[in-house]
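>
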Amino acid sequence: MAKVQRALISVSDKSGIIEFAQGLNKLGVEILSTGGTAKALKDAGLNVKDVSEHTGFPEMMDGRLKTLHPKVHGGLLYRRDNPKDREETEKHGIKPIDIVVVNLYPFEQTVSKPDVKFEEAIENIDIGGPTMLRAASKNFKDVIVIVDPADYSKVIDELNTNNGEARDETKYYLARKVFAHTARYDTLISNWLNKQAEPNNPFQPSINLSFSRINSLRYGENPHMKAAVYREPLNAGLSLVDAKILQGKDMSFNNYLDSSAVIDLAKELTEPAAVI
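Quick note on numbering: the sequence shown equals residues 3 to 278 in the numbering used here.
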């Protein structure tokens, strides 16, 4: 991969994005952006080019259509070592995009609200974001793709110490992270829509599972084993994952099993009682 020259930034969660963009600016990277992200970057004094100017096509449909354009996706999917790709991009005026920074509309946070309206949930289904993320991740050999703000400093540090390039291992790691993220995102949407359509059906036509690791445990069922705790998304019930340890060591696998049994038993009791 050659030195990065162009980045596209479009984020819902703007934490850390100003500092990241400032780091790109110091490296001489051209920044493309959309909507609220472009405004935030411009307000911070950064030189930003609107994606609509880059594509020659305006944002429309209340922002539903912003980045779904060949000049965006051609720039992401362009294989730099492929002569035919190079010929076609030059013919159609498609410029390569070397970095994509995208995080998605907050669907999970939206549908977690008890009074959420169906229409509001639908509007928080991101289309352009996952499309860019997947395109960039497919072409990870040539494109750096970032979906998690926690990776901003890692990427900037690597670009600064590696002559404006990222290591292959880093690009592969970031691409894998994206596919896990978009798979989880689509799982949440599918499960929620099925639940809305058939709220009283305990056996949905399909069940998609997606869990997020919360922390690693001291050991598993036995001391020589390993274990971790994962959270199921959109689970609003009582959960040990949300409990706080007031005293003592971090919990082990067996601690979680015992505590879970205690909670399950306590939930069956209708009178004030204690479970030991």
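Using N, Cα and C, we set each Cβ at its ideal position, and we do this for glycine too. As the structure is a computational prediction, the values presented were derived from the model and not from experiment.
Under DSSP, the beta strand (DSSP E) around N256 begins and ends at which residues?
Reading the sequence shown from its first residue, position 254 is the one you call residue 256. Element bounds for N256: not the beta strand (DSSP E) but the alpha helix (DSSP H), 255 to 270.
> Beta carbon of N141, beta carbon of R233: below 8 angstroms?
Reading the sequence shown from its first residue, position 139 is the one you call residue 141. Reading the sequence shown from its first residue, position 231 is the one you call residue 233. The answer is no: Cβ separation not under 8 angstroms.
> Check whether the segment 71 to 80 and the segment 136 to 154 touch, using three or more Cβ-Cβ pairs below 8 angstroms as the test.
yes
> What does the Cβ neighbour count give for H56, buried or exposed, with the cut at 16 atoms within 10 Å?
Here residue 56 refers to the residue found at position 54 when the sequence shown is read from its first residue. H56 counts as buried, since no fewer than 16 other beta carbons sit within 10 angstroms of its beta carbon.
> Determine whether the beta carbon atoms of R136 and T184 lie at a separation below 8 angstroms.
Locating residue 136 in the sequence shown gives position 134, where the first residue counts as 1. Locating residue 184 in the sequence shown gives position 182, where the first residue counts as 1. A contact, by the Cβ cut-off of 8 angstroms.
> Let me know the beta strand (DSSP E) ranges lying completely inside the segment 139 to 216, each 3 residues or longer, listed in chain order.
146 to 148
> Please report how far the alpha carbon of N164 lies from the alpha carbon of N193, in whole angstroms.
Taking the first residue of the sequence shown as 1, we reach residue 164 at position 162. Taking the first residue of the sequence shown as 1, we reach residue 193 at position 191. Cα to Cα, N164 sits roughly 43 angstroms from N193.
> Take F181 and list the residues in its own chain whose beta-carbon comes closer than 7 angstroms to its own, dropping the five residues that flank it on each side.
Within the sequence shown, the letter at position 179 stands for residue 181. Hits under 7 angstroms: S139.
> Which same chain residues end up closer than 8 angstroms to A229 when comparing Cβ atoms and leaving out the 5 residues on each side of it in sequence?
For the purposes of this step, residue 229 is taken as the residue at position 227 of the sequence shown. Contacts found: S218, L219, Y221, G222, E223, S254, F255.
> Could you have a look at D52 and say whether DSSP puts it in helix, strand or coil?
Counted from its first residue, the sequence shown places residue 52 at position 50. Look at D52 here: in three-state DSSP terms it is strand.
> Using the rule of at least 16 other Cβ atoms within 10 Å of the residue's Cβ for burial, across every protein chain shown, is Y174 buried or exposed?
On the sequence shown, residue 174 is found 172 positions in, with the first residue counted as 1. Per the 10 Å Cβ criterion, exposed.
> In chain order, what residues of the same chain have a beta carbon less than 7 angstroms from the beta carbon of D15, not counting five sequence neighbours either side?
On the sequence shown, residue 15 is found 13 positions in, with the first residue counted as 1. For D15, where only same-chain residues beyond five positions count, the Cβ hits under 7 angstroms are N105, P151.
> Note the first and the last residue of the continuous beta strand (DSSP E) segment covering L10.
Stepping through the sequence shown from its first residue, residue 10 is reached at position 8. Residues 8 to 13.
> Going by beta-carbon coordinates alone, are L34 and L70 separated by less than 8 angstroms?
Here residue 34 corresponds to residue number 32 of the sequence shown, with the count starting at 1. Here residue 70 corresponds to residue number 68 of the sequence shown, with the count starting at 1. Cβ distance not < 8 angstroms, so L34 and L70 don't count as in contact.
> Please state whether the Cβ-Cβ distance between I20 and A40 is less than 8 angstroms.
If you number the sequence shown from 1, residue 20 lands on position 18. If you number the sequence shown from 1, residue 40 lands on position 38. For I20 and A40, no; Cβs fall outside 8 angstroms.
> Please report the distance separating the alpha-carbon of S12 from that of G37.
Within the sequence shown, residue 12 is the residue found at index 10, counting from 1. Within the sequence shown, residue 37 is the residue found at index 35, counting from 1. In this model, S12 and G37 are separated by some 8 angstroms (Cα to Cα).
> Can you find a heavy atom of the ligand ADP that lies under 7 angstroms from the Cβ of K246?
What this structure holds is no ligand at all, so the ligand ADP is not there to describe.
> To the nearest angstrom, how far is it from the Cα of V31 to the Cα of D159?
As a working note, residue 31 is residue 29 in the sequence shown. As a working note, residue 159 is residue 157 in the sequence shown. Approximately 15 angstroms between the Cα atoms of the pair.
> If you draw a straight line from the alpha carbon of S114 to that of Q249, how long is it in whole angstroms?
As a first step, residue 114 must be located in the sequence shown, where it is residue number 112. As a first step, residue 249 must be located in the sequence shown, where it is residue number 247. S114 and Q249: Cα-Cα distance of roughly 31 angstroms.
> Assuming R8 and P98 are in contact, meaning their beta carbons sit under 8 angstroms apart, how far apart are those beta carbons, in whole angstroms?
Locating residue 8 in the sequence shown gives position 6, counting from the first residue. Locating residue 98 in the sequence shown gives position 96, counting from the first residue. That pair is a contact at about 7 angstroms.
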